[in-house]
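Asks: Got a structure here, written out as structure tokens. Questions coming.
In full-length UniProt numbering, the protein residues as written are 1 to 628.
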């Protein structure tokens with residue numbers, strides 16, 4: 001063997017040794033392992049990334065590393081699936097074998113990764129980033145609302161084209177990936193509704209700048225008029241800009257998504273006029289580590305889903321965005337003084353609402369936050385007056401549970417003009433720009449309706465007919481609208497389902513009973529199921545069924561939403577068949593959001609609580625642990 005061959009062999013062995021050492025388990029269970037800086041490793045977290053081809057994912061990993069650096073007793077192990085679901089499954093298996101305490105995963109394919117995520121969830125907490133898996137076998141999901149981002153991009157394109165309309169080309173990322181599908185769905189929903197915007201064609205550029213530039217250069221000569229190019233990330237948008245300028249199409253406007261800061265990021269491209277606009281799409285990397293620590297420390301109030309906020313970035317809005325960020329940072333540096341929160345509650349229409357109010361009051365007390373609490377007695381005008389009084393009192397944060405979903409734009413604009421952030425609790429609003437409120441905290445009402453329908457479908461499998469009475473909540477309220485929507489969505493796949501009678505019980509036991517009496521008077525024994533939008537109405541319906549001479553839970557199945565102690569008692573008595581959980585214990589999450597905002601953090605647009613489904617068979621083992 002010559003000298004050079006021997007040296008090459010030694011070098012190869014050295015590289016192999018270094019590589020093997022890097023793959024050794026990082027966190028020994030005896031606590032002897034050391035983190036950076038000599039601190040002992042307390043937690044070992046595995047990070048399974050779908051690929052590191054997309055710049056967005058590279059940034060996600062960097063944000064995870066940066067946030068982890070703030071926790072000296074934390075150690076990370078990263079894997080890259082290189083766009084292969086099979087490899088990612090093996091990556092997760094290897095991470096579990098190394099004894100990780102928590103898994104952070106951004107799935108390559110939602111369906112393909114669902115089984116391994118569910119398997120990991122049986123052993124350790126799992127945080128899913130960016131792409132949700134199927135079902136709910138995970139601890140926490142953090143990601144953007146890509147459909148909403150697509151809609152916002154469509155609105156911006158419509159603004160650029162105005163009434164005369166025009167021609168658009170869409171540049172998509174990796175074919176078939178959920179972000180691509182969702183962004184395109186939202187975008188096309190908006191531009192298609194205008195009636196005067198024509199999508200000339202679609203390019204698949206795999207999130208890559210050069211590929212977008214090359215493919216667009218081939219496509220542009222076919223069309224004499226192209227007005228706007230919408231690219232699903234800023235790197236492809238930059239490629240589109242270069243292609244149009246090389247071919248002399250200087251009049252073509254370009255819109256992107258991502259909105260990274262820095263010298264080559266989307267914000268800089270907008271400021272320089274290269275892009276007409278972009279939309280921030282947070283990676284969730286920092287939030288994943290922050291919540292991972294909270295989960296591992298067994299902190300209370302961990303949500304099920306975090307939907308990150310996107311911001312519209314144009315030359316006009318960037319200064320406002322930066323100013324708002326500086327304002328949050330200013331809050332973070334504020335010293336002294338007690339935080340004051342004004343909360344406007346719907347009222348006390350149900351046991352759920354009373355428990356919700358108590359949770360908020362207790363959480364404020366626990367956190368040392370001054371709470372101004374006013375009930376609206378189910379009246380929107382009183383709630384608006386209360387919020388206006390909070391503005392006049394210059395509270396630090398306003399929070400409220402809206403009586404109905406619409407009619408809030410005016411008062412929310414007043415709060416924004418006063419510089420007071422608004423948090424929506426339990427119920428969402430409609431018809432307002434998301435920028436008018438800071439975040440929404442509550443359940444997923446649509447999913448609650450879906451869960452009720454799924455349980456009913458399983459329970460009545462094989463029935464030729466399923467005749468249903470639906471007791472709806474307050475007319476125009478978000479829970480009533482969404483719970484009906486979710487139930488109807490699943491019902492479409494079950495032809496036997498037939499809603500014989502539907503009426504509002506206003507979320508109260510008295511009106512729920514009255515509505516059920518009316519239904520029984522018309523349909524009597526033909527009724528097979530009651531689906532109630534909350535437990536109070538279900539309990540009223542149970543009274544009406546008994547007075548009619550039938551047995552609730554046997555002659556007529558009853559499924560409701562909330563899962564209060566009263567509902568569990570009814571299940572133990574055999575009168576209620578299933579309760580879908582909608583927890584009222586939102587106080588800890590609300591006060592945590594207040595503190596985070598005051599500490600300078602931008603809150604996600606939605607914080608969705610963790611909820612379960614409780615068939616009557618589980619009532620006995622769960623009843624004693626119910627706190628409301």
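Note that CB positions come from ideal geometry on N, CA and C, so glycine has one too.
Report the residue from 373, 417, 414, 394 whose alpha carbon sits nearest the alpha carbon of residue 400.
Replies: Checking every option, the nearest Cα to that of residue 400 belongs to 373.
Asks: Use the C-beta contact count for residue 323: other C-beta atoms within 10 angstroms, 16 or more gives buried, fewer gives exposed.
Replies: So residue 323 ends up on the exposed side.
Asks: Please report the residue range of the beta strand (DSSP E) in which residue 629 lies.
Replies: Absent from the model: residue 629. The displayed extent of the chain is 1 to 628, so no value can be given.
Asks: Which residue's Cα is closest to the Cα of residue 457: 531, 297, 353, 59?
Replies: Measuring from the Cα of residue 457, the nearest candidate turns out to be 531.
Asks: Going along the chain, which residues of its own chain have a beta-carbon closer than 8 Å to the beta-carbon of residue 206, five neighbours each way excluded?
Replies: Correct list, in chain order: 53, 173, 174, 175.
Asks: Have a look at 526, 111, 237, 109 and flag the residue whose alpha-carbon is nearest the alpha-carbon of residue 467.
Replies: Measuring from the Cα of residue 467, the nearest candidate turns out to be 526.
Asks: Would a C-beta distance cut-off of 8 Å place residue 64 and residue 288 closer than the cut-off?
Replies: Result yes, Cβ atoms of residue 64 and residue 288 sit closer than 8 Å.
Asks: Residues in its own chain within less than 6 Å of residue 68 by CB, not counting five upstream and five downstream?
Replies: Only 74, 76, 289 meet the Cβ criterion.
Asks: Would a C-beta distance cut-off of 8 Å place residue 171 and residue 203 closer than the cut-off?
Replies: Yes.
Asks: Determine, using beta carbons only, whether residue 186 comes closer than 8 Å to chain B.
Replies: Included in the structure is just one protein chain, with no chain B present.
Asks: What separation, rounded to the nearest whole angstrom, lies between the Cα atoms of residue 320 and residue 303?
Replies: So the alpha carbons of these two residues sit roughly 30 Å apart.
Asks: What are the start and end residues of each continuous alpha helix (DSSP H) run of 4 or more residues lying completely inside the stretch 112-187, in chain order?
Replies: Runs of the alpha helix (DSSP H) inside the stretch 112-187: 146-161.
Asks: Which ranges does the beta strand (DSSP E) cover as unbroken runs of at least 3 residues, wholly within the stretch 202-248, from first to last along the chain?
Replies: Segments of the beta strand (DSSP E) lying fully in the stretch 202-248: 228-231.
Asks: What did DSSP end up calling residue 295 once you bin it into helix, strand or coil?
Replies: Helix.
Asks: Please report the distance separating the alpha-carbon of residue 297 from that of residue 362.
Replies: Distance between the alpha carbons of residue 297 and residue 362: 22 Å.
Asks: Near residue 273, which residues of its chain fall below 8 Å by C-beta distance, leaving aside the five closest residues on each side in sequence?
Replies: Same-chain partners within the cutoff: 315.
Asks: So residue 117 and residue 230 are supposed to be a Cβ contact under 8 Å. How far apart are they, rounded?
Replies: Contact flag wrong, Cβ pair sits at about 32 Å.
Asks: Straight-line CA distance for residue 353 to residue 563?
Replies: About 13 Å.
Asks: Note the first and the last residue of the continuous beta strand (DSSP E) segment covering residue 562.
Replies: Per DSSP, residue 562 belongs to the beta strand (DSSP E) from 557-562.
Asks: Could you pull the start and end residues of the beta strand (DSSP E) that residue 467 belongs to?
Replies: Here the beta strand (DSSP E) through residue 467 covers 466-472.
Asks: Helix, strand or coil for residue 617, going by three-state DSSP, please let me know.
Replies: The answer is helix: DSSP assigns residue 617 an H, G or I state.
Asks: Going by C-alpha distance, which of 534, 598, 603, 368 is nearest residue 351?
Replies: Here the closest residue by C-alpha is 534.
Asks: Report all residues from its chain with a CB closer than 8 Å to the CB of residue 286; omit the five preceding and five following residues, and keep chain order.
Replies: Hits under 8 Å: 63, 64, 66, 67.
Asks: Assuming residue 80 is part of the beta strand (DSSP E), what are its boundary residues?
Replies: It spans 74-80 - the beta strand (DSSP E) in which residue 80 sits, taken as one unbroken run.
Asks: How big is the Cα-Cα spacing for residue 529 and residue 449?
Replies: The alpha-carbon atoms of residue 529 and residue 449 are separated by roughly 15 Å.
Asks: Compare the C-alpha of residue 55 against each of 164, 234, 392, 84 and name the closest.
Replies: Comparing Cα-Cα distances from residue 55 to each of 164, 234, 392, 84, the minimum goes to 234.
Asks: Can at least three beta-carbon pairs, one atom from the stretch 535-544 and one from the stretch 573-584, be found at a separation below 8 Å?
Replies: These segments touch.
Asks: Give the DSSP bridge partners of residue 49, in chain order.
Replies: In DSSP, residue 49 forms a bridge with 80.
Asks: How is residue 3 classed by DSSP in three states: helix, strand or coil?
Replies: At residue 3 the pLDDT is 37, less than 50, meaning the model places this residue with poor confidence and gives no usable figure here.
Asks: Residue 273 by DSSP, collapsed to three states: which one?
Replies: If DSSP states are grouped into helix, strand and coil, residue 273 belongs with coil.
Asks: Near residue 335, what residues of its chain come up, given a Cβ to Cβ distance below 6 Å and the 5 sequence neighbours on each side ignored?
Replies: Interpretation of residue 335 is limited by its pLDDT of 44, a score under 50 that renders its predicted location unreliable; the figure taken from the coordinates is listed afterwards. Answer for residue 335: no residue qualifies.
Asks: Taking the CB atoms as reference points, tell me whether residue 463 and residue 496 lie closer together than 8 Å.
Replies: For residue 463 and residue 496, yes; Cβs fall inside 8 Å.
Asks: Using CA atoms only, rank isn't needed, just tell me which of 140, 560, 423, 386 is closest to residue 470.
Replies: That would be 560, whose Cα lies nearest to the Cα of residue 470.
Asks: So who's on the other strand from residue 342, going by DSSP bridges?
Replies: Residue 342 is bridged to 372, 398.
Asks: In terms of residue numbering, what span does the beta strand (DSSP E) encompassing residue 585 cover?
Replies: Here residue 585 belongs to no beta strand (DSSP E), and DSSP marks it neither H nor E.
Asks: For residue 450, which of helix, strand or coil comes out of DSSP?
Replies: Three-state result, residue 450: helix.
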